[in-house]
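Worksheet for the structure shown next.
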Amino acid sequence: VQLQASGGGLVQAGGSLRLSCAASGSISSFNVMGWYRQAPGTERALVATISAARIKNYANDVKGRFTISRDNARNTLYLQMNSLKPDDTAVYYCHARRVAVGFREDYWGQGTLVTVSS
């Protein structure tokens, strides 16, 4: 399965963007999917995750502003980002994990750049 992230761009502070992560195959078997971000000079950090049961988890600094969702019928993961701040500037990566007894598979998208101007 390949993941293709899109939707990044340049936006002013307070604006919104919606990121998409399209999978080349079915995502229904992924136990968890998520978004991570990496700003220059920093490590990749968790933004949000969503389980197969639609249980969501968010980093503290995006709670109330970002919403993660997944559409298994379209094989796509989304991240709706509202009230964007300059500190949200980063490359955003989508991730998917499939876990079973004895193995774990991780998939990463190529990243999409989000730039928030002040």
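Throughout the sequence shown, residue numbering follows the numbering used here, covering -11 to 106 in sequence. Backbone N, C-alpha and C fix where the C-beta goes; we use that ideal spot for every residue, glycine too.
Q: Sort 72, 78, 76, 64 by Cα distance to residue 84 and report the nearest one.
A: 64
(Q) Looking only at its chain, what residues have a beta carbon closer than 7 Å to the beta carbon of residue 60, apart from the 5 residues adjacent to it on each side? (A) 15, 16
(Q) The beta strand (DSSP E) that contains residue 49, what's its start and end? (A) Segment: none, residue 49 is in no beta strand (DSSP E) and carries neither H nor E.
Q: Check whether the stretch 4 to 14 touches the stretch 62 to 78, counting contact only when three or more Cβ pairs, one atom from each stretch, lie closer than 8 Å.
A: yes
Q. Thinking just about the alpha-carbon of each residue, which of 50, 94, 23 is nearest to the one in residue 9?
A. Here the closest residue by C-alpha is 23.
Q: Would you mind sorting residue 52 into buried or exposed? The rule is 16 or more other CB atoms within 10 Å of its CB.
A: exposed
Q: Confirm, please, whether the CB-CB distance from residue 35 to residue 20 is below 8 Å.
A: no
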